[in-house]
Every structure is written in structure tokens, then in C-alpha cells.
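Notes follow the structure.
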Amino acid sequence: MSVGRAWRILPAIGGGAVLLVVAALRLHTQLTGVEGSLTGIRCQVSDTSDRDDPAYTCAGSFHPADRTFFIPYLEVDTTFPTAKPQEPVTVLVDGPGADTAVVPGKEAWLPQGLAGLVLLPAGIFMAVRGGGRRTPAVA
């Protein structure tokens, strides 16, 4: 395999795997996490957002709905696409030891999951299909 070919295959396989793991972790938090409120919100424009349409990454403290524990500081793993959120914001965490939260909704995991489902098989297909060199038949 040539170096140029490896530079196309490895990012597809690695990127697809990472995206699937991120999507799975966020989905797990959404299905089994503790719902509560993010307060004391501090936001900044996300590095991945457009200048004309900014998305915000935020951090703050967390209280679950039943007030059984308190997390003094955590970051929200997903962005707020329209504007800086007003307090309080509903988020989900994995439990009392969490350091990140996820915003409810399929927007938190579906885009990464779909991208991973496209990239990973494409990278594997490119690796398998181009693995062996074909030699022309001799007559």
C-alpha cells in the first residue's frame, strides 16, 4: 500500500470509529443518564461553528431534578445552535462523577453516528479492495 493511499484509508477508518464511539457514548447518556439543570452558565462560540451561524459551547454547575447530588462544574459535550442558552438548561449526565453533560435530543448523537456509519465501512472497503495488486494475465 502506498503512503498516499494510506493517508486516505486510515483517516476514514479512524475517524469513522471515533465518531461511532462518540455517538454511542452520547446515546448511552441519553438513554440511561440523570436529567437535571445546568446553572451558572458560561458560554463561548464553538471552534467548529460558522461565523454567520454561531454555535455555543457552555459549562456550569449541575443539579439533578431530584437534588440528590451536585456537580460544581461540568462542560456540555454538545453545542447550542441558535443562541446562548438562558438559565437553567435541561441536560443529561451519567451520574454524580460526570464531568460532561449532553443536551437531550437526537441532534446530540445522530449526526456523528451517521457519519461514522459512512466513514468506517468506506475505509474498510478501500483497504480490502486495494490490498492486493492485480497482475495482468499472460497469454
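Just so we're aligned, residue 204 is where the sequence shown starts under this note's numbering, counting upward by one. Every residue gets a Cβ at the ideal spot worked out from N, C-alpha and C, and that includes glycine.
For my contact list, residue i and residue j are in at a C-beta cut-off of 8 Å; report their separation, rounded to the angstrom.
i    : j    : result
L230 : L323 : No, L230 and L323 are not in contact; Cβ-Cβ is about 16 Å, not under 8 Å.
Rounded to whole angstroms, what is the Cα-Cα separation between residue i and residue j?
i    : j    : result
G263 : V296 : 13 Å
D269 : S240 : 10 Å
D280 : Q289 : 17 Å
A220 : V292 : 30 Å
R211 : P314 : 21 Å
V206 : A318 : 24 Å
A286 : F328 : 40 Å
T260 : I244 : 10 Å
A258 : V306 : 13 Å
W312 : G326 : 21 Å
Q247 : P214 : 29 Å
Residues bridged to residue i by DSSP?
i    : result
Y259 : V248, F283
V294 : G239
L277 : G263
A304 : V279
Just tell me which of the options has its CA closest to the CA of residue i.
i    : options                : result
L234 : G298, P275, I274       : G298
G218 : F272, V321, R332, A301 : V321
T271 : K309, G300, R332       : G300
A226 : F273, S249, P257, E310 : E310
G308 : V331, M329, T282       : T282
S249 : L213, G236, E278       : E278
V294 : Y259, H266, P257, C246 : H266
E238 : I216, Q247, A209, A304 : A304
F273 : Q247, C246, D302       : D302
G316 : L228, P275, T242, R332 : L228
T242 : I216, A215, Y276, A209 : Y276
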